[in-house]
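Undergrad: So that we are looking at the same thing, I have put the structure below in structure tokens.
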Amino acid sequence: MDTLLAVTLTALTVVGMPTSDRTSWPAVILAALSTAPVVVRSYAPVACVVIISGAVVAYLLLGHGGDFPLYGIGLLVGMFSVAQHRPTRVAAIIWVLALAAALFAYLPTAAGLSWPDAVNAVLQTVGAWALGDAFRRWAERADQRAAQAAAEERARIARELHDIVAHHISVISLQAGVAEYVLDSDPRAARTALTAIADSGGQALAEMRRMLAVLRTDPDDHADYHPQPGLAQLNELADRTRAAGLPIELIRTGRARPLPPGMDLCAYRIAQEALTNVLKHAGPAAARIYLDYGEHTLTVRVIDNGHACVPSTSSAVPQGISGMRERAELYGGVLTAGPRTSGGFAVELRLPTSGVR
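So in our numbering the end of the sequence shown lands on 749, straight run, no missing numbers.
Okay, here's the thing in structure tokens:
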């Protein structure tokens, strides 16, 4: 694009020269040099302006340009490029030097330089500089938004990985302990525990592969991968956790209705993390999951009757309760967690569903 622009401007400049000037090869070369450096404007804008300014000054000092209006086009493009690709201070210095040199060179020419022409030249170069600076600021804001979106995506992926790995590793660890304990006294129970370990490991690998497939797949591709889990898979989650040795009761109230995929995944992951914390921290316990589809609010409540031990949240990566709270806030929800007065621990998620279709 810069090459095409440079060729076009150079052709217009040379063709637009006065007939008397076109007979002078130095004049033609200088006129071409007043626009041709535009080809390097994107990666060497300062050099572009310096070369163009030198060519314009030399052209004017040789007595040309009195009725030649196109020699300033390259300088305007160069000033725009410096302001677009270099810091404001650098662009301002280059603008002052280039404009001063051009105005100084124009003064002794036969045509002279009227005040309206001088003011017009200043306004044109200021306009080019301001436009380039505006483009630069817009690009910087776009980069900042992209960086913020990337950081948010990394945080989301970290939460997903934590929830997937923490739940299944907790089940594997618990079942491995059971298998070791009953290996000699009850081989059948040990075999059941080992089967649960294999199943949980397979589930973890499947979920991680599914997530990585989504991350790698182009939106236009039609890759064959399963959707992320949601509340429809809550029974399977309860069955896996029950197989790990935690008695679970799942209680549903209200009329179930479809939720947006992100909100559905949020509710599922919070229930999964709450059960993981029960496995890791509650000791011998039983748990209940209450799922209530209210008219305007979805409520997911997980309670247990074990030891009310608050999971640690000191890690730099959002985990445990802090990670659940971040998930809830993404969808305008509220998460509360703490010991119950009757014993055990409770985690409650409330997600607004008004306006959800």
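The beta carbon of each residue, even a glycine, is placed where N, CA and C say it ideally should be. Please read these numbers as outputs of a predicted model, since none were measured by experiment.
#1: Roughly how many angstroms separate the alpha carbons of S746 and A659, rounded to a whole number?
#2: Pick from V574, H559, L586: whose alpha carbon is nearest that of M600?
#3: Please report the straight-line C-alpha distance between R644 and A538, rounded to a whole angstrom.
#4: Among residues of its own chain, excluding the 5 on either side of V432, which ones have a beta-carbon nearer than 8 Å to its beta-carbon?
#5: Output yes if chain B places a C-beta closer than 9 Å to the C-beta of F472; else output no.
#6: Give me the Cβ distance between S426 and V448, rounded to the nearest whole Å; I'm assuming they're in contact under 8 Å.
#7: Would you please state the rounded distance, in angstroms, between the beta carbons of Y451 and A423? I believe it to be under 8 Å.
#8: What span of residues does the alpha helix (DSSP H) with P410 cover, start to end?
#9: Based on the DSSP output, what are the partners of D696 in its beta bridges?
#10: Determine whether the beta carbon atoms of D598 and A522 lie at a separation below 9 Å.
#11: So, does the region 685 to 700 touch the region 635 to 655, judging by three or more C-beta pairs under 8 Å?
#12: Distance check for A729 and G716, CA to CA, integer angstroms please.
#13: Going by other Cβ atoms of all chains shown within 10 Å of its Cβ, with 16 needed for buried, is V478 buried or exposed?
#14: Across the region 629 to 638 and the region 666 to 681, are there enough close Cβ pairs to call them in contact, namely three or more that are closer than 8 Å?
#15: Can you list, in chain order, the residues of its chain with a C-beta nearer than 7 Å to that of V670? Leave out the 5 residues immediately preceding and following it.
#16: Straight-line CA distance for A520 to A493?
#17: Is the distance from the Cβ of I640 to the Cβ of V739 below 9 Å?
#18: So, are the CB atoms of I589 and V563 less than 9 Å apart?
#19: What residue range is occupied by the uninterrupted beta strand (DSSP E) comprising G715?
TA: Once the coordinates are examined:
#1: 16 Å
#2: H559
#3: 41 Å
#4: D394, A439, C440
#5: In the structure shown, chain B cannot be found, because there is only a single protein chain.
#6: 5 Å
#7: 6 Å
#8: First-last for P410: undefined, no H or E at that position.
#9: A679
#10: Strictly speaking, residue 598 in this sequence is Ala, with Asp absent from that position. No. Outside cutoff.
#11: yes
#12: According to the sequence provided, residue 716 is Met. The question's Gly does not apply to it. Their backbone Cα atoms lie some 10 Å apart in a straight line.
#13: Just to set this straight, residue 478 is Arg in the shown sequence, not Val. Classification of R478: buried, given that the 10 Å Cβ count is 16 or more.
#14: yes
#15: L638, A677, A679, D696, G698
#16: 17 Å
#17: no
#18: yes
#19: Looking at the DSSP string, G715 is not in any beta strand (DSSP E); the run it does join, the alpha helix (DSSP H), is 712 to 722.
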